[in-house]
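So the sequence shown is numbered by my numbering: it starts at 463 and just counts up by one. A short worksheet on the structure shown next.
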Amino acid sequence: MSLPKNSFLDYYYIDVSELSRVVKERKPSKILLQVPEGFKNRSYEIIDYLREILGGAEIHIDASPSFGSCLIDVGVAGRYDLVIHLGHRKYPYWSPPSNVVYVDLQSRTRPDHEVLTSLINDLRKHGYVRLAVYTTAQHVDLTKDIVKQLRSNGFEVVNKGVEVVFGCWFSSLDAVKDSVDAFLVVAGGRFHALGVGLRVGGSKEVISLDPYENAYCFLGEYVSRVLKTRFAKIMKSLDAVSWLIIAGSGGQYRPWIINELAKLITSSGGKYYVAVTSYLTRDLLIDVDSSTLDAIVITSCPRLPIEDFHDYEKPVLTPGEAFMALKKVFEPYVFPW
Ligand code: SF4
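Okay, structure coming up:
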């Protein structure tokens, strides 16, 4: 098909092989399209593209937040024959309804040769030879090439294939963390690289390679700073008596964590309340907060306390941090739960 200049599909490509198979099989007449945050305004080009492949099916845009494959509104999804969730892989902690199909959205953006050469030189300078390399769903093809390049330059990359991480799930990380010199994370921004750093408690260097910024960054100091802030929050909640537990929905509903927290809070003489929401904003938290509450723990998305509520006036903890505070065990740092 001919695309308008500067089309979304000039910068990304969609792997439609699985989608075509599903469409042939299910012949959907009503489709819901879920697109990652930041790309929603490009849904129209994507729909035009999909219409050419899928024929005359009615395609609606899901305008609710789509920060990850964990956050699918099962009620809304149930009204459609097919839900196309673009740009994320299946959330490993949750099985969505069977009408949801995950379709890869691969970025065409690549770092320059000079940036990769400089990264390789910097890794050598630091003596980081044995590496684990992770990425996000949008950069799998690019990461395959980067791993090849690292290997041909004498680096030992321990991953077998290209491994995708989520903000709260880290693939093979636990198995390899003690045997590598450093982690390389190919992703936009620092979000996923920080997650890797938190998961290993800052014990190893994490290098983030951002294809969009065409730059890389050693994040060790940044991870240490975040960890200091997190420990300060844990310390502030040691005497908390009255806790608010925030519960999520879909893949972010984690009853075993809520039950474990409830048990620990009551056995230490405290009390708890549970508030349920599928999408937590600062306004919503302020609205539900009260001066009678001492600490808040978010069991839905464990990145919210770190990214969105690190400056909140009272401690807002991840489940792992709340477990540390309630059990009074401060080593190692537990992330995410
Ligand atoms: S970090 Fe949050 S948004 Fe990302 S996969 Fe985990 S729960 Fe979902």
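Positions of the beta carbon are idealized from the N, C-alpha and C atoms, including for glycine.
Inset, instruction - Measuring alpha carbon to alpha carbon, tell me which of Gly500, Ile523, Pro554 ends up nearest Ile509. - result: Ile523
Inset, instruction - Measure the C-alpha to C-alpha separation of Asp566 and Pro767 and round it to an integer number of angstroms. - result: 28 Å
Legend entry - Gln600 Cβ short of 7 Å to ligand 1 heavy atom set: no
Inset, instruction - For the region 640-708, list the alpha helix (DSSP H) runs that are entirely contained and at least 4 residues long, ordered along the chain. - result: 653-661, 682-698
Legend entry - Expected contact under 8 Å - CB spacing of Leu747 and Phe771 to nearest Å: 7 Å
Inset, instruction - Return yes when the Cβ of Glu783 is within less than 8 Å of the Cβ of Ile708, no when it is not. - result: no
Legend entry - Exposure label - Leu700; buried when at least 16 CB within 10 Å: exposed
Inset, instruction - For Val791, count neighbouring Cβ atoms within 10 angstroms of its own Cβ and tell me buried if that reaches 16, exposed if not. - result: exposed
Legend entry - Residue interval of the alpha helix (DSSP H) (run including Thr605): 602-614
Legend entry - Cα-Cα separation between Ala757 and Leu671, rounded to whole angstroms: 36 Å
Inset, instruction - Return the chain-ordered ranges of every alpha helix (DSSP H) run that is complete within the region 741-771 and spans a minimum of 4 residues. - result: 744-750
Legend entry - Candidates Val648, Phe628, Asn621, Glu514, of which the one nearest Ile638 by Cα: With the sequence shown as reference, residue 638 is identified as Val, and Ile is not the correct amino acid for it. Per the Cα distances, Asn621.
Legend entry - Beta carbon of Pro498 nearer than 8 Å to that of Arg572: no
Inset, instruction - Counting only runs of 3+ residues fully inside the region 519-560, write out the beta strand (DSSP E) ranges in chain order. - result: 520-523, 544-548
Legend entry - Three-state class that DSSP yields for Lys489 in the structure shown: coil
Inset, instruction - List the residues that DSSP assigns as beta-bridge partners of Tyr596. - result: Glu625, Val647
Inset, instruction - Could you have a look at Glu793 and say whether DSSP puts it in helix, strand or coil? - result: coil
Inset, instruction - Compute the minimum distance between the beta carbon of Cys763 and the heavy atoms of ligand 1, and state whether it is under 7 Å. - result: yes
Legend entry - DSSP state of Lys733 mapped onto helix, strand, coil: strand
Legend entry - Distance between His550 and Gly530 (C-alpha atoms, nearest Å): 6 Å
Legend entry - Secondary structure of Ser482, DSSP reduced to three states: helix
Legend entry - Backbone secondary structure at Phe473 - three-state DSSP: First, the residue type needs correcting, since residue 473 is Tyr and not Phe in the sequence shown. Note: Tyr473 maps to helix in three-state DSSP.
Inset, instruction - Could you name the residues that DSSP lists as bridge partners for Val562? - result: Val545
Inset, instruction - Please name the residue in Tyr596, Cys630, Gly623, Lys489 whose C-alpha comes closest to that of Trp799. - result: Cys630
Inset, instruction - Say yes only if the C-beta of Gly731 is nearer than 7 Å to one or more non-hydrogen atoms of ligand 1, and no if none qualify. - result: no
Inset, instruction - Could you check which residue in Lys489, Met786, Tyr473 has the C-alpha nearest to that of Leu726? - result: Met786
Legend entry - Nearest-angstrom Cβ-Cβ length linking Asp603 and Gln568, presumed shorter than 8 Å: 5 Å
Inset, instruction - Can you tell me which of Val662, Val759, Thr743 puts its alpha carbon nearest to the alpha carbon of Tyr735? - result: Val759
Legend entry - Which of helix, strand or coil DSSP assigns to Val620: coil
Legend entry - Which listed residue (Gly623, Ser633, Ser711) has its alpha carbon closest to that of Cys532: Ser711
Inset, instruction - Give a yes or no on contact between the region 641-648 and the region 593-602, applying the rule of three or more CB pairs nearer than 8 Å. - result: yes
Legend entry - Own chain, CB closer than 8 Å to Gly589, minus 5 neighbours either side, in chain order: Asp643
Inset, instruction - Could you tell me which of Gln611, Asp472, Tyr555 sits nearest to Phe628, measuring between CA atoms? - result: Tyr555
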